[in-house]
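Trainee:
2 protein chains.
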Amino acid sequence: MKLDGTILFATDTEHFTNSTLRPRQTSPADATVSASVSSAPQADEGGTQCFICADRATGKHYGASSCDGCKGFFRRSIRNNHTYNCRFNRQCVVDKDKRNQCRYCRLRKCFKAGMRKEAVQNERDCIITPRAKGQTVRTLSISVLLQAEVSVQQFPVLPSPQSRDISSKKTACVGDVFESMKQQLLLLVEWAKHIPEFCSLQIDDRVTLLRTHSAEHLILGAARRSLPYNNVILLGNDFVIPLRGAELEVTRVALRIQEELVKPLRELDITDKEFACLRAIVFFAPADCPGLESPQVIQHLRLQAHIQLEESTCEQRGRFGELLLILPPLQSVAWQMVETLHLAQLLGEARMDSLLQEMLLGEGTNSKPCANDDLTQDNESKQRASSANFTSVVSNISASLPSDHPAAHTDWH
Amino acid sequence: MKLDGTILFATDTEHFTNSTLRPRQTSPADATVSASVSSAPQADEGGTQCFICADRATGKHYGASSCDGCKGFFRRSIRNNHTYNCRFNRQCVVDKDKRNQCRYCRLRKCFKAGMRKEAVQNERDCIITPRAKGQTVRTLSISVLLQAEVSVQQFPVLPSPQSRDISSKKTACVGDVFESMKQQLLLLVEWAKHIPEFCSLQIDDRVTLLRTHSAEHLILGAARRSLPYNNVILLGNDFVIPLRGAELEVTRVALRIQEELVKPLRELDITDKEFACLRAIVFFAPADCPGLESPQVIQHLRLQAHIQLEESTCEQRGRFGELLLILPPLQSVAWQMVETLHLAQLLGEARMDSLLQEMLLGEGTNSKPCANDDLTQDNESKQRASSANFTSVVSNISASLPSDHPAAHTDWH
DNA sequence: AAACGCTGGTCAAAGGTCCA
DNA sequence: CTGGACCTTTGACCAGCGTT
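Chains as they are written, first to last, in my numbering: chain A, 7 to 419; chain B, 7 to 419.
(1) Whose CA, out of A/LEU226, A/SER232 and A/LEU152, lies closest to the CA of A/HIS200?
(2) In the DSSP assignment, the alpha helix (DSSP H) including B/LEU329 goes from what residue to what residue?
(3) Which first and last residues belong to the alpha helix (DSSP H) in which B/PRO335 is found?
(4) Would A/LEU216 and A/VAL195 be called neighbours here (beta carbons separated by less than 8 Å)?
(5) Mapping DSSP to helix, strand and coil, what is A/ALA70?
(6) When burial is assigned at 16 or more other CB atoms within 10 Å of the CB, is A/LEU101 buried or exposed?
(7) Nearest-angstrom Cα distance between A/ALA356 and A/SER186?
(8) What in chain B is Cβ-close to A/LYS102, meaning under 8 Å?
(9) In chain B, which residues lie less than 7 Å from A/ARG109 when you measure between Cβ atoms?
(10) Could you name the residues of the segment 243-264 of chain A whose beta carbon sits closer than 8 Å to any beta carbon of chain B, in the order they occur along the chain?
(11) Assuming B/PRO292 contacts B/ILE304 under a Cβ cut-off of 8 Å, what Cβ separation, rounded to an integer in Å, is found between them?
(12) By Cβ distance below 7 Å, which residues in the same chain neighbour B/VAL268 in space, the five residues on each side in sequence not counted?
(13) With a cut-off of 8 Å, do at least 3 Cβ pairs link the segment 311-323 of chain A to the segment 318-333 of chain B?
(14) Please report the distance separating the alpha-carbon of B/LEU191 from that of B/LEU309.
(15) Distance check for A/THR214 and A/GLU369, CA to CA, integer angstroms please.
(16) Taking the CB atoms as reference points, tell me whether B/HIS348 and B/LEU367 lie closer together than 8 Å.
(17) Looking at the strands, I want to know which residues DSSP matches up with A/LEU240.
(18) In whole angstroms, what is the alpha-carbon distance linking B/THR257 and B/GLU364?
(19) For A/SER147, count neighbouring C-beta atoms within 10 Å of its own C-beta (all shown protein chains included) and say buried if the count is 16 or more, exposed if not.
(20) In the DSSP output, which residue or residues are listed as bridge partners for B/GLN55?
(21) List the residues that DSSP assigns as beta-bridge partners of A/THR177.
(22) For A/ARG82, which residues in chain B fall below 9 Å Cβ to Cβ?
(23) Given a cut-off of 8 Å, decide if B/GLN302 and A/PRO334 are closer than it, judged by their beta-carbon atoms.
(24) On a Cα-Cα basis, can you pick out the residue from B/ASN86, B/CYS92, B/LYS188 and B/GLY120 that is closest to B/LYS67?
(25) Comparing C-alpha positions only, which one of A/VAL99, A/ALA260 and A/GLU321 sits nearest to A/TYR235?
(26) Looking only at C-alpha atoms, which of A/PHE80, A/CYS56 and A/LYS176 sits nearest to A/CYS73?
(27) Just curious, the alpha helix (DSSP H) that B/PRO301 is in, first and last residue?
(28) Taking Cβ-Cβ distances shorter than 9 Å, what residues in chain B pair up with A/SER338?
(29) Would you check if the distance between the CB atom of A/LYS176 and the CB atom of A/PHE245 is smaller than 8 Å?
(30) Assuming B/VAL126 contacts B/ILE84 (C-beta within less than 8 Å), just tell me the rounded distance between them.
(31) Is there a Cβ from chain A that is less than 8 Å from the Cβ of B/ILE134?
(32) Which residues in the same chain have their Cβ closer than 8 Å to the Cβ of A/ALA221, if we skip the five residues on either side of it in sequence?
(33) Among B/ARG105, B/ASN87 and B/GLN97, which has the Cα closest to the Cα of B/ASP61?
(34) A/GLU317 touches chain B at which residues, Cβ-Cβ below 7 Å?
(35) I want to verify the contact list: residues of chain A whose CB lies under 7 Å from the CB of B/HIS219, in sequence order.
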C-alpha cells in the first residue's frame, strides 16, 4: 500500500512533459506559448536574465535587470521599510528556487545588483533615468587592476629570486632609500599607464593624481613588501630599513609602517586582488586634490574600485571595512614621511633627485594647477611649455595611447 | 503496481469529470471544457466548497478548491514527505467531520480532487523576526550609538530654535571659535560617557582616545552642522565662519571642510544612524594611538561600529565604502587645523584655554602614557595625583558608573 | 502613432503563525 | 506533534506615462 501511494503520486505528475515552466495559466493562448517555449531547449537566453536570481528578467527595474518577483520584493521592502535578518551567514544562495528562503540575502543582492532605493517611491514625473544607458559601465575591471599590479611587480630592478633571508640584505643608506623611491615612483607611472581610464584623463589631472598620491604609493608598496618581516622595512631595491638602530627620524616612519600598516594587513592576510583594488582606491582619491578638472570622473573611478574591492572580499563580514580603514593611517604615515623629507631637505641633510622633489615635495611647479589656466591651450603645447621633467614623463603616456581610446568615450553621469 | 495506481487514478478522475470543473489546464481542449462546464448552472454552492471534505473552501489551493484544513494538510504531507497507511479498505469517507480519521484516504482524495504536489513550494523565510535566538552578544549596538548621539545634540548651549537663517548668525571671532571648540570637546566626553564599552576601558586608554580624536570630532561635528549651508561653517554656539572674507588660515581649513567633507556628505545624504556609526568609527581608531593598553579591545569596538554602519547603509551599492572614504580627508583636515592652531599659539596670535591646549595640541602631559606606570595605583589616586584638568574630567567618568558595569565583562574575541 | 521601457498597483494563491 | 483559523508575502499581469 505504501508503494501504491507513492506510485499514485508519481503518476499524477503526468504533465511533467510540458511543465518545464510553471503550469499556471488556464488560457489556451498561454498554454501554447508555454508549449512553444518549453520546446526550445535553452532555458536561459543570457541577455534577459535577472541579476538577482537568474530567473527570466522582465526588464530593468530600479536600476537592475530583474524579474517581476525581485522587482516586487524590492519595492515592498523599501516601501515598508523592512529590515530582515539572515538566519545563517549572510551568504545564502539566491536563485530562482531559493530566492524566497532568505529575504535578507535577497534584498542585499538586489542592492548589489544595482537596485537603488531612490528609484522606488512615487515619482510622478520621471526626470530621466540618471544612468540608464551605460548601467554596466564596467570600466576599471578587476582584471585591469590585477594586470597593472603584475606589470609593476614584474619590474624587479634587482634579480633577487625571492631571497627571503633578511640577513643577506643590506641596510639602506640615505642614497639607497632615495634610489628606491625614485624607482618606485617611475613604477607608479608605469602602473597608471596600464589603466586606460587614467590615460584618458586630462594631462593636468594625470599629473595631479600622480603627484598627490606618490607618497601613499611608496608607503603602501613598502608595507606590502614588508609583510613577511617583523623588524625591517624592505625596499624595492632589496635594501632594508631596520626598525631599530637606524636614524631616529627614519625609524619613526618605519615603525609606524610596521605597526599601523604591516600588522593589520598581515592579520587580514590581504590577497592580491584586494591589494590591487586598494592601490586604485588610494590613487583615485579626489578629495585631497584641489583644482582637478574632472573630479567626478575620478570619484567615479574610485567608486568602481571600491566596489571591486567589496566583491573581492567575498562577503567576509567586516573585511571590506577593515581594508578601507587602512587608508587613514596610510595617509597619515605618508604625510609624516613627506614632512621628514622636507625637513631633511631644508637642513641640507639629503640631496634629492629633482623627480623626487617634484613628486613628493611638490616643488618645481605650482602644486595647485592655476585656476585661470588657458583652456584653449592644448595638451601638446602645454607639454612643450613645461620644463618639469616629471610632467613630461606623464605626458608621454598620452603619446603611447591612441587619442581616441574607447575609454575616453565612457558616459559618466 | 504502477499500472494499478494509474488505473485507479484514471478511473477516479473520470468519475470526477462531470461533477466539477477540473482546473487542470495544460491543453486547450481542457480549457474549453472547463469553460463550458463553469458556465453550466451548478446547483449548490459548488464553487465555495472543499472538493476533499465538502467544508467551506477558502479558494483554490494546489490546484483544487479546498478548505484551509485540507490545504495545510496537503502542504505538510508533501513537505515532510509523509507516507500514510489506511487501516481499512482505502475507502474511508472523507468529510468535514471524519477527515482526520484516515490520513491516507484524505491525502488520496486531495490528489483525486486535483491537488498537485508540484504546487507545494520550498520552505520560505520566517515572517516573524527570528526571536532573540541566541542574540549574538552585541555590544556597541546601534541604539547605544544613537542614544549617545542624541545626548550630544541635546545640549544646545544656545537656545537657538533651529534658526536656519544664516544671515541672522554672527561671524565668529577667534574667541568664539575657541569657546565653541571647548564646548564641543566637553560634549565629546559626554558622548563617550554614554558608551558603556568606553567607560570600561582603562583610564589611560580613555584619555588617549579622547585626546587623539578630539580634532576629528570637532571637524566632523562642524561638517555635519554645516550640511545645510553652502558658504559658511556653522559652529556649535551658533556663530559662523564664512568661507570667504575671514582670515586666510582659518578660511583654508573651512574651505576644506566644505569641499572635502560637507559636499560628499551632502551628496550621500547621510542618515542619523550612519553618522552615529561614523563618529564611533573615527573615535575607536587604535592605529594612530601609540601606547594603548588594550588596542585589541578598541579595534574590536571599531569593527563592531563599522559592521553597524554596513548594516545601516542597507547594502546600497557602494554607499558603505563612500562613507568610510570620508575618513581620510577628515583626518587630514583635522591635522591641518591642529597645525594651524599650533602655529597661532606659537606666534602668540591666540590664547587658548588649557583644556584646548591639552586635548588638541597634546600639551600639558606626556602625549604617550608612561609605560612603566604603577599599575597598582588605582584610578582614584591617579585622579588625585593628576594636575591636568582634562584627565580629571575623564576620570570622573569612572566615578559616575558602577565599577562592575556589565559591559566590563564583555567577552572579546 | 505605435512600440517600448519602467514606474505603480492588484489579488489569487502561495507562505507562515500559533493556540487548542 | 498535528490541525486549521487567520494573517503575510509573492509574483504574474495590467495600467499609466514619458520616450523612442
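We put the CB at the ideal spot given by N, CA and C, even for glycine.
Mentor: By the coordinates alone:
(1) For the purposes of this step, residue 200 of chain A is identified with residue 194 of the first sequence, where counting begins at 1. The candidate whose alpha carbon is nearest that of A/HIS200 is A/LEU152.
(2) The count along the second sequence starts at 1 and reaches residue 329 of chain B at position 323. Residues 325-330.
(3) As a position in the second sequence, residue 335 of chain B is number 329, starting the count at 1. Looking at the DSSP string, the run of the alpha helix (DSSP H) that includes B/PRO335 is 333-352.
(4) Position 210 of the first sequence, counted from the first residue, corresponds to residue 216 of chain A. Position 189 of the first sequence, counted from the first residue, corresponds to residue 195 of chain A. In this structure, A/VAL195 lies closer than 8 Å to A/LEU216 by Cβ.
(5) Working through the first sequence from its first residue, we reach residue 70 of chain A at position 64. In the structure shown, A/ALA70 sits in a strand (DSSP, three-state: E or B).
(6) Reading the first sequence from its first residue, position 95 is the one you call residue 101 of chain A. A small fix is needed here, since residue 101 of chain A is Asp in this sequence, not Leu. Counting Cβ neighbours within 10 Å, A/ASP101 comes out exposed, since fewer than 16 surround it.
(7) Walking along the first sequence from the start, residue 356 of chain A turns up at place 350. Walking along the first sequence from the start, residue 186 of chain A turns up at place 180. Cα to Cα, A/ALA356 sits roughly 15 Å from A/SER186.
(8) What you label residue 102 of chain A is simply residue 96 of the first sequence in a count that begins at 1. Going along chain B, no residue has its Cβ under 8 Å from A/LYS102, so there is no contact; the nearest lies around 11 Å.
(9) In the first sequence, counting from the first residue as 1, residue 109 of chain A sits at position 103. In chain order: ASP131.
(10) none
(11) Residue numbering aside, residue 292 of chain B sits at position 286 when the second sequence is read from its first letter. Residue numbering aside, residue 304 of chain B sits at position 298 when the second sequence is read from its first letter. Yes, they are in contact, since the Cβ atoms of B/PRO292 and B/ILE304 sit about 4 Å apart, within 8 Å.
(12) Residue 268 of chain B sits at position 262 when you count from the first residue of the second sequence. Correct list, in chain order: ALA229, SER232 and LEU233.
(13) yes
(14) The residue labelled residue 191 of chain B in the question sits at position 185 within the second sequence. The residue labelled residue 309 of chain B in the question sits at position 303 within the second sequence. If you take the alpha carbons of B/LEU191 and B/LEU309, they lie about 24 Å apart.
(15) As a position in the first sequence, residue 369 of chain A is number 363, starting the count at 1. As a position in the first sequence, residue 214 of chain A is number 208, starting the count at 1. The straight-line gap from Cα to Cα measures roughly 13 Å.
(16) Start at 1 with the first residue of the second sequence, and residue 348 of chain B comes out as number 342. Start at 1 with the first residue of the second sequence, and residue 367 of chain B comes out as number 361. Contact: yes.
(17) For the purposes of this step, residue 240 of chain A is taken as the residue at position 234 of the first sequence. In the DSSP output, where bridge partners are listed per residue, A/LEU240 has A/VAL246.
(18) For the purposes of this step, residue 257 of chain B is identified with residue 251 of the second sequence, where counting begins at 1. For the purposes of this step, residue 364 of chain B is identified with residue 358 of the second sequence, where counting begins at 1. Distance between the alpha carbons of B/THR257 and B/GLU364 is about 24 Å.
(19) Translated into the one-based positions of the first sequence, residue 147 of chain A becomes position 141. Exposed is the call here.
(20) Within the second sequence, the letter at position 49 stands for residue 55 of chain B. Paired residue(s): B/ARG62.
(21) Locating residue 177 of chain A in the first sequence gives position 171, where the first residue counts as 1. The partner list for A/THR177 (beta bridge, DSSP) reads A/VAL246.
(22) Looking up residue 82 of chain A in the first sequence gives position 76. Those do not exist, as A/ARG82 stays about 13 Å from chain B at its closest Cβ, beyond 9 Å.
(23) Position 328 of the first sequence, counted from the start, is the residue given in the question as residue 334 of chain A. Position 296 of the second sequence, counted from the start, is the residue given in the question as residue 302 of chain B. No, Cβ-Cβ distance for A/PRO334 and B/GLN302 is not below 8 Å.
(24) Reading the second sequence from its first residue, position 61 is the one you call residue 67 of chain B. First, the residue type needs correcting, since residue 67 of chain B is His and not Lys in the sequence shown. The candidate whose alpha carbon is nearest that of B/HIS67 is B/GLY120.
(25) In the first sequence, residue 235 of chain A corresponds to position 229, counting from 1. Measuring from the Cα of A/TYR235, the nearest candidate turns out to be A/ALA260.
(26) Residue numbering aside, residue 73 of chain A sits at position 67 when the first sequence is read from its first letter. A/CYS73 has its Cα closest to that of A/CYS56, out of A/PHE80, A/CYS56 and A/LYS176.
(27) By 1-based counting over the second sequence, the position of residue 301 of chain B is 295. 301-318 is the extent of the alpha helix (DSSP H) around B/PRO301.
(28) Taking the first sequence and counting its residues from 1, the one referred to as residue 338 of chain A is at position 332. Within 9 Å Cβ-Cβ: ALA293, ASP294, PRO334, GLN337, SER338 and TRP341.
(29) Taking the first residue of the first sequence as position 1, residue 176 of chain A is located at position 170. Taking the first residue of the first sequence as position 1, residue 245 of chain A is located at position 239. Yes. Within cutoff.
(30) Stepping through the second sequence from its first residue, residue 126 of chain B is reached at position 120. Stepping through the second sequence from its first residue, residue 84 of chain B is reached at position 78. Yes, they are in contact, since the Cβ atoms of B/VAL126 and B/ILE84 sit about 4 Å apart, within 8 Å.
(31) What you label residue 134 of chain B is simply residue 128 of the second sequence in a count that begins at 1. No, its Cβ sits nowhere closer than 8 Å to a Cβ of chain A.
(32) As a first step, residue 221 of chain A is located in the first sequence; it is residue number 215 there, counting from the start. Once the five neighbours on either side are set aside, the close Cβ partners of A/ALA221 are ALA340, TRP341, MET343, VAL344 and LEU366.
(33) Residue mapping note: residue 61 of chain B aligns to position 55 of the second sequence, counting from 1. Checked all of B/ARG105, B/ASN87 and B/GLN97; the closest Cα to B/ASP61 is B/ARG105.
(34) As a first step, residue 317 of chain A is located in the first sequence; it is residue number 311 there, counting from the start. Residues of chain B passing the Cβ test: none, with the nearest at roughly 11 Å.
(35) The residue you call residue 219 of chain B lines up with position 213 of the second sequence. By Cβ distance, chain A contributes nothing, its closest Cβ being about 11 Å from B/HIS219, past 7 Å.
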